[in-house]
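Asker: Just dropping this structure here.
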Amino acid sequence: MIDFQTVLDTIHQEIGSRKEWGNVAAYIPELADIDNNKFGIHLIDFNRKNYSIGDSNESFSIQSISKVLTLAMALGLVGEDLWRRVDVEPSGDPFNHLSLLEQENGIPRNPLINAGALVVADVLVSRLKNPKEEFLAFIRKISNDPSIKYDEQVALSEKNTGFRNYAAANLLKSYGNLSNDVDVVLDFYFHQCSIAMNCAQLAKTFFLFINRGNCMQEQTYLNVNQAKRINALMLTCGFYDEAGEFAFEVGLPGKSGVGGGIVALLPNEFCVATWSPGLNKKGNSKLGMEALEKLTSDTDLSIF
Ligand code: DON
């Protein structure tokens, strides 16, 4: 039996003593002031035992990690029809690039880049009566945590500065791949990105992806195939133009956000969330990636 607490303690000590912690995302003004001297990890195993270290109970902005959760909700609502509007190929480009979207006539490469997430947001806006309320309720249910909230300040900050997302949404609209008003879809998208969670909440929220679509309370939100497909997308697309590097170094499906969070998982074994707001050059948490590399190397637990 692996002693995960000792594993996390060792990782925190070794990786936390690194000199280079990366830089916080400054393009969203509200995130620019976050103290980058933070580092937390929380792991939940398949038996629902919890292990944590460092700043694992401090909330941060989950940002693009939310794209996996909107995808799960949309796939649960519309099923395979979703893939007519968004593809499942890695882009090899940064999360906010637009050139492929134009070359490929408004069909985003995958649901985890911004353009793809906007199409998923559009599906939810079309399908739900009160999209923001119902999406938050979905997250509170799968995490079994009614305290999770949007951070209105972060949402507003991105609304005021998210020019590339306005461009992406307008481009999608011009190709007929956005049914709702650009502003309505973007308001939803900026809110989903603003959700605040700590590492413990994030690891528990993603439990359903290690448990064939069933949350910690054994309620079913996805069928086995849908859970498999979302995990495949996290592996191939979860880190944008660093997805290959993440698979190479860590060897797990996962998703990053520019708030410095990363969630990664091994089906039937564990789900782990790390937070360190300093990012590497590709916009993924520097210490988070290093910590996860050490976790899978030290325990010999990866999908490979
Ligand atoms: O749309 C954006 O630019 C942000 N709300 C989310 C970007 C993000 O987290 C990219 N992932 N690493």
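Residues 0 to 303 in numbering that gives the first Met the number 0 are what the sequence shown lists, from first letter to last. Note that beta-carbon positions come from the ideal geometry of N, C-alpha and C, so glycine has one too.
Please state the DSSP three-state secondary structure of V6.
Answerer: On the sequence shown, residue 6 is found 7 positions in, with the first residue counted as 1. Residue state, collapsed to three classes: helix.
Asker: What do you reckon, is the C-beta of N164 under 8 Å from a heavy atom of the ligand DON?
Answerer: What you label residue 164 is simply residue 165 of the sequence shown in a count that begins at 1. Yes; taking the cut-off as 8 Å, the Cβ of N164 has a heavy atom of the ligand DON nearer than that.
Asker: Below 8 Å, can you find three or more Cβ-Cβ pairs linking the region 31 to 42 to the region 259 to 277?
Answerer: Because the criterion of three Cβ pairs below 8 Å is met, the region 31 to 42 and the region 259 to 277 touch.
Asker: What residue range is occupied by the uninterrupted alpha helix (DSSP H) comprising D297?
Answerer: Locating residue 297 in the sequence shown gives position 298, where the first residue counts as 1. Per DSSP, D297 belongs to the alpha helix (DSSP H) from K285 to T298.
Asker: Please go through the region 241 to 283 and give each complete beta strand (DSSP E) segment of 3 or more residues, from N-terminal end onward.
Answerer: Counting only runs of 3 or more, we get 253 to 255, 260 to 265 and 269 to 274.
Asker: So, for A31: in the same chain, excluding its five sequence neighbours on each side, which residues have a beta-carbon less than 7 Å away from its beta-carbon?
Answerer: Mapped onto the sequence shown, residue 31 falls at position 32. So the qualifying residues of the chain are V23 and A25.
Asker: What is the rounded straight-line gap between the Cα of S178 and the Cα of L42?
Answerer: The residue given as residue 178 occupies position 179 in the sequence shown. The residue given as residue 42 occupies position 43 in the sequence shown. Going by the C-alpha atoms only, they are around 39 Å apart.
Asker: Which same chain residues end up closer than 7 Å to T219 when comparing Cβ atoms and leaving out the 5 residues on each side of it in sequence?
Answerer: Start at 1 with the first residue of the sequence shown, and residue 219 comes out as number 220. Once the five neighbours on either side are set aside, the close Cβ partners of T219 are G212 and N213.
Asker: For H96, tell me which candidate among P28, Y149, I33 and A166 has the shortest Cα-Cα distance.
Answerer: Position 97 of the sequence shown, counting from 1, holds the residue named residue 96. Checked all of P28, Y149, I33 and A166; the closest Cα to H96 is A166.
Asker: State yes or no: is the C-beta of E244 nearer than 8 Å to some heavy atom of the ligand DON?
Answerer: Along the sequence shown, read from residue 1 onward, the residue named residue 244 stands at position 245. Flag unset: Cβ of E244 not near the ligand DON.
Asker: Could you tell me how far apart the beta carbons of G277 and L286 are, in whole angstroms, since I believe they sit closer than 8 Å?
Answerer: Numbered from its first residue, the sequence shown carries residue 277 at position 278. Numbered from its first residue, the sequence shown carries residue 286 at position 287. That pair is a contact at about 7 Å.
Asker: Does the Cβ-Cβ distance between Q334 and K66 come in under 9 Å?
Answerer: This structure does not reach residue 334, given that the chain is present from 0 up to 303, and the question cannot be answered.
Asker: Taking the beta strand (DSSP E) that S51 falls in, what are its first and last residues?
Answerer: Numbered from its first residue, the sequence shown carries residue 51 at position 52. N49 to G53 is the extent of the beta strand (DSSP E) around S51.
Asker: Would the beta-carbon of L234 fall within 9 Å of that of A242?
Answerer: Residue numbering aside, residue 234 sits at position 235 when the sequence shown is read from its first letter. Residue numbering aside, residue 242 sits at position 243 when the sequence shown is read from its first letter. It is a contact, given that the beta carbons lie within the stated cut-off.
Asker: For the alpha helix (DSSP H) containing L201, name the first residue and the last one.
Answerer: The residue given as residue 201 occupies position 202 in the sequence shown. Run containing L201: C198 to T204, per the alpha helix (DSSP H) assignment.
Asker: What distance in whole Å lies between the Cβ atoms of I229 and A71, which are believed to be in contact at a cut-off of 8 Å?
Answerer: Counting from 1 along the sequence shown, the entry for residue 71 is found at position 72. Counting from 1 along the sequence shown, the entry for residue 229 is found at position 230. Contact flag correct, Cβ pair sits at about 6 Å.
Asker: For I302, verify whether its CB is less than 8 Å away from any heavy atom of the ligand DON.
Answerer: In the sequence shown, the residue the question calls residue 302 occupies position 303. Outside the cutoff, so no.
Asker: Helix, strand or coil: which one does DSSP assign to I40?
Answerer: Counting from 1 along the sequence shown, the entry for residue 40 is found at position 41. It is a strand residue.
Asker: Leaving aside the five residues before and after I141 along the sequence, list all residues of the same chain whose C-beta is less than 7 Å from its C-beta, in chain order.
Answerer: For this step, residue 141 is matched to residue 142 along the sequence shown. Around I141: T204, L207, C214 and Y220.
Asker: Distance check for D8 and P89, CA to CA, integer angstroms please.
Answerer: Position 90 of the sequence shown, counted from the first residue, corresponds to residue 89. Position 9 of the sequence shown, counted from the first residue, corresponds to residue 8. One C-alpha to the other measures close to 34 Å.
Asker: With H, G and I counted as helix, E and B as strand and the rest as coil, what does DSSP make of K63?
Answerer: As a first step, residue 63 is located in the sequence shown; it is residue number 64 there, counting from the start. With the sequence shown as reference, residue 63 is identified as Ser, and Lys is not the correct amino acid for it. The answer is helix: DSSP assigns S63 an H, G or I state.
Asker: Got a sec, what are the start and stop residues for the alpha helix (DSSP H) L232 sits in?
Answerer: Here residue 232 refers to the residue found at position 233 of the sequence shown. Note, L232: alpha helix (DSSP H), V223 to C236.
Asker: Buried or exposed: where does K128 fall if 16 or more other Cβ atoms within 10 Å of its Cβ makes it buried?
Answerer: To locate residue 128, count along the sequence shown from 1; it is residue 129. Burial call: exposed.
Asker: Answer with buried or exposed for N283, where buried requires no fewer than 16 other C-beta atoms within 10 angstroms of its C-beta.
Answerer: As a position in the sequence shown, residue 283 is number 284, starting the count at 1. N283 is buried by the Cβ-count criterion.
Asker: Helix, strand or coil for N314, going by three-state DSSP, please let me know.
Answerer: Any question about residue 314 goes unanswered here, given that the chain covers just 0 to 303.
Asker: Check each candidate in F134, E29 and L99 and name the one with the smallest Cα separation from K148.
Answerer: Taking the sequence shown and counting its residues from 1, the one referred to as residue 148 is at position 149. Minimum Cα distance to K148 is reached at F134.
Asker: Inspect the beta-carbon positions of I106 and N176 and report whether they are closer than 9 Å.
Answerer: Indexing the sequence shown from 1 puts residue 106 at position 107. Indexing the sequence shown from 1 puts residue 176 at position 177. Yes. Within cutoff.
Asker: Quick one: is P110 buried, meaning 16 or more other Cβ sit within 10 Å of its Cβ, or exposed?
Answerer: Position 111 of the sequence shown, counting from 1, holds the residue named residue 110. Classification for P110: buried.
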